[in-house]
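*Asks:*
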Amino acid sequence: MIVNQHAFASSLVGGVDNASAAEKNISEILTHVFKHAAPHKAVVVFDTACELANALTQAYRNCLPEAHFVDFDKHTPVEVLAVLADLTESDLVVLVQSTNFRLEAFRIRVELFKRGLKVIEHPHLSRMVGAEVGYYIDALAYDPQYFRGVGEQLKAIINQAQTGCIDSGGDAFPEARLMIGSAFESAKLNVGDYSEMPNVGGQFPIGEVFTEARDLEAVNGRVRIFAFGDTQYKVNRPAIPITLIVERGQVVATEDSTPQFDAVLANIRADEQVVWLREIGFGLNRAFSKDRSVSDIGSYERMCGVHLSLGAKHGIYGKPNFKRGDGKYHIDVFAVTERVTLDEQVVYRDGAWCVG
């Protein structure tokens with residue numbers, strides 16, 4: 039299956055307005071991902087502090103007319119929690135947040151999952167303004183055949199591969215190759231299929247397959263990045279790509295860096311001594327691209343392409359000499375991606391995944 043990223047993105051521009059698109063996309067999520075229907079209840083906790091939060095809340099009102107809507111800013115945390123306490127297993131909670139709701143000491147999504155509730159979380163919406171509002175709404179579109187089909191095929195290839203290469207230079211920068219000389223950890227999916235998962239839901243938009251090298255020290259070479267998560271958890275796009283020089287799984291030097299990226303590396307080294315490269319993320323969401331980005335790093339990491347994480351923190355994969363909870367940093371960086379190969383198979387080129 040070869041899906042052209044550019045054709046998909048261009049089809050979104052100049053299409054339906056944001057309100058209509060939001061309602062359509064959320065309806066698809068509720069139907070195809072969550073299969074929400076009576077007699078199960080729904081509660082939508084929202085605020086009105088930004089344009090995107092208002093647009094999503096209205097879309098949920100249209101799609102869930104029987105839901106209980108709670109304005110976070112007009113109720114105390116105790117009152118909000120009391121509404122949620124009335125829900126039972128397989129009911130739905132939607133959190134539409136301009137920032138990030140603080141309801142108790144623990145992350146509210148984790149506590150809701152413990153009760154068997156389904157959760158859709160939209161955090162940090164105030165970071166998206168202007169054209170980014172439309173990009174985010176477009177990224178909520180759910181195509182089950184694409185997300186699940188490409189996701190499952192990528193997972194199968196990753197789980198069999200013994201080596202990989204991320205080409206971020208093409209013919210212009212032939213030295214920019216990141217070589218993964220190791221098999222990969224079992225790939226994880228975030229494609230809207232929760233049938234074999236303990237929890238139903240998470241942060242939206244979705245669309246990602248992720249893994250990491252089984253042997254972190256087998257990762258070497260150079261990778262050019264066009265964006266990174268800065269110290270404010272926002273997407274920072276330098277004027278020219280920054281080259282990371284990786285030796286035995288660690289970033290040991292850079293070229294064309296910026297003060298903002300130097301600050302990220304300095305923070306990691308101050309607390310962790312070295313900068314490990316861990317997650318290898320294959321984003322599937324075709325509404326986000328190198329040229330079609332949003333400011334929130336947690337949303338943009340679904341971008342159709344490759345992102346990597348810097349820092350020792352990765353709770354999914356345990357490693358010898360890495361104690362869970364020891365790592366403090368997991369900073370996403372986004373690779374200029376000309377081509378991705380796993381063993382000898384090309385799985386990404388020309389801005390699209392080409393598997394199957």
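Residues 39 to 394 (the working numbering) are what the sequence shown spells out, left to right.
Glycine included, C-beta positions come from ideal geometry on N, C-alpha and C.
#1: Could you check which residue in Gln288, Pro279, Glu285 and Gln270 has the C-alpha nearest to that of Val302?
#2: Flag this pair as yes or no: are the beta carbons of Val273 and Ile335 separated by less than 7 Å?
#3: Roughly how many angstroms lie between the CA atoms of Arg252 and Asp231, to the nearest whole one?
#4: Only counting the same chain, and skipping five residues up and downstream in sequence, which positions put a Cβ closer than 6 Å to that of His74?
#5: Just tell me which of Ser347, Glu382 and Ser136 has its CA closest to the CA of Arg316.
#6: Can you tell me whether Leu178 is helix, strand or coil according to DSSP?
#7: Around the Cβ of Gln198, are there at least 16 other Cβ atoms within 10 angstroms (buried) or fewer (exposed)?
#8: Relative to the alpha-carbon of Pro77, which residue among Pro358, Val257 and Ala105 has its alpha-carbon at the smallest distance?
#9: Rank Tyr174, Ile218, Ser224 and Ser164 by C-alpha distance to the C-alpha of Tyr355 and give the top, closest one.
#10: Considering only DSSP beta bridges, list what Arg377 is partnered with.
#11: Skipping 5 residues on each side, what residues in its chain have a beta carbon closer than 8 Å to that of Gly267?
#12: By the 10 Å Cβ neighbour count, where 16 or more other Cβ atoms means buried, how is Glu376 classified, buried or exposed?
#13: Starting from Ile263, follow its DSSP beta bridges and name the residues at the other end.
#14: Met39: buried (16+ other C-beta within 10 angstroms of its C-beta) or exposed?
#15: Determine the contact status of Arg262 and Val229, defining contact as a CB-CB distance below 7 Å.
#16: Around the C-beta of Val312, are 16 or more other C-beta atoms found within 10 angstroms, so that it is buried, or is it exposed?
#17: For Glu339, which residues of its own chain have a beta-carbon under 6 Å away from its beta-carbon, when the five flanking residues on both sides are left out?
#18: Which residues share a DSSP beta bridge with Arg330?
#19: Just to confirm my understanding: we take Glu293, look at its own chain, exclude 5 residues before and 5 after, and list those with CB closer than 6 Å. What are they?
#20: Roughly how many angstroms lie between the CA atoms of Asn42 and Asp388, to the nearest whole one?
#21: What residue does the beta strand (DSSP E) around Val83 start on, and which one ends it?
#22: Among Ile278, Lys62, Gly189 and Asp181, which has the Cα closest to the Cα of Cys392?
#23: Pick out whichever of Leu254, Val257 and Lys226 has its Cα sitting closest to the Cα of Glu246.
#24: I'd like the span of the beta strand (DSSP E) that includes Thr126, first residue to last.
#25: Mind checking which residues open and close the alpha helix (DSSP H) that includes Ile64?
#26: Let me know if Asp55 comes out buried or exposed under the rule of 16 or more other beta-carbons within 10 Å of its beta-carbon.
#27: Given that a residue counts as buried once 16 or more other Cβ atoms are within 10 Å of its Cβ, and exposed if not, what is Gly168?
#28: So the beta strand (DSSP E) Asp109 belongs to, where does it begin and stop?
#29: Whose C-beta lies closer than 8 Å to the C-beta of Ala93 among residues of the same chain, with five residues either side of it excluded?
#30: So who's on the other strand from Lys366, going by DSSP bridges?
#31: From the DSSP output, read off the bridge partner residues of Val273.
#32: Going straight from the alpha carbon of Thr201 to that of Thr249, what length do you get?
#33: May I ask which residues mark the beginning and end of the beta strand (DSSP E) holding Arg307?
#34: Do you know offhand how far Glu66's Cα is from Asp309's?
#35: By DSSP's criteria, Arg215 is part of a beta bridge. Which residues make up the other side?
#36: For Ala123, which option in Leu141, Ser136, Pro243 and Thr137 has the closest C-alpha, if you only look at C-alpha atoms?
*Replies:* So, from the data block:
#1: Comparing Cα-Cα distances from Val302 to each of Gln288, Pro279, Glu285 and Gln270, the minimum goes to Gln270.
#2: Going by beta carbons, Val273 and Ile335 fall inside the 7 Å limit.
#3: Taking the straight line from one Cα to the other gives about 25 Å.
#4: Cβ-Cβ distances below 6 Å link His74 to Leu68 and Leu130 in the same chain, with the five nearest sequence neighbours on each side left out; the list follows chain order.
#5: The option with the nearest alpha carbon to Arg316 is Ser347.
#6: If DSSP states are grouped into helix, strand and coil, Leu178 belongs with coil.
#7: With fewer than 16 Cβ atoms within 10 Å of its Cβ, Gln198 is classed as exposed.
#8: Per the Cα distances, Ala105.
#9: Sorting Tyr174, Ile218, Ser224 and Ser164 by C-alpha distance to the C-alpha of Tyr355 places Ser224 at the top.
#10: Within the DSSP bridge table, the entry for Arg377 names Asp205 and Arg387 as partners.
#11: A distance below 8 Å between beta-carbons, with the five flanking residues on each side excluded, links Gly267 to the following residues of its chain, in chain order: Val273, Asn274, Val302, Ile335, Ile369, Asp370 and Val371.
#12: Burial is judged here by how many other beta carbons sit within 10 angstroms of a residue's own beta carbon; Glu376 has at least 16 and is buried.
#13: Answer is Ile280 and Ala373, bridged to Ile263.
#14: Residue placement at Met39 is poorly supported in this model, since its pLDDT is 43, which falls under 50; the coordinates are not used for a value here.
#15: No; because the gap between Cβ atoms is not below 7 Å, this pair is not in contact.
#16: With fewer than 16 other Cβ atoms within 10 Å, it is exposed.
#17: Correct list, in chain order: His345 and Asp370.
#18: For Arg330, which the question treats as bridged, DSSP gives the partners Ser327.
#19: Taken in chain order, the residues that qualify are Thr281.
#20: Here the model assigns Asn42 a pLDDT of 44, short of 50, so the residue's position is not dependable and the matter cannot be decided.
#21: Where Val83 is concerned, the enclosing beta strand (DSSP E) stretches over Ala80 to Phe84.
#22: Nearest to Cys392 by alpha-carbon distance, out of Ile278, Lys62, Gly189 and Asp181, is Gly189.
#23: Ranking Leu254, Val257 and Lys226 by Cα distance to Glu246 puts Lys226 first.
#24: Segment: none, Thr126 is in no beta strand (DSSP E) and carries neither H nor E.
#25: Per DSSP, Ile64 belongs to the alpha helix (DSSP H) from Asn56 to Glu66.
#26: It counts as exposed.
#27: Exposed, by the Cβ-count rule.
#28: Run containing Asp109: His106 to Asp109, per the beta strand (DSSP E) assignment.
#29: Residues of the same chain with a CB within less than 8 Å of the CB of Ala93, apart from the 5 flanking positions on each side, are Asn56, Ala57, Ala60, Val171 and Ile175 in chain order.
#30: Answer is none; Lys366 lacks a bridge partner.
#31: Paired residues: Gly267.
#32: Cα to Cα, Thr201 sits roughly 13 Å from Thr249.
#33: Residue range Pro297 to Glu310 is occupied by the alpha helix (DSSP H) that includes Arg307, with no beta strand (DSSP E) assigned at that position.
#34: Glu66 and Asp309 have their C-alpha atoms some 43 Å from each other.
#35: Arg215 has Asp205 as its beta-bridge partners, per DSSP.
#36: Ranking Leu141, Ser136, Pro243 and Thr137 by Cα distance to Ala123 puts Leu141 first.
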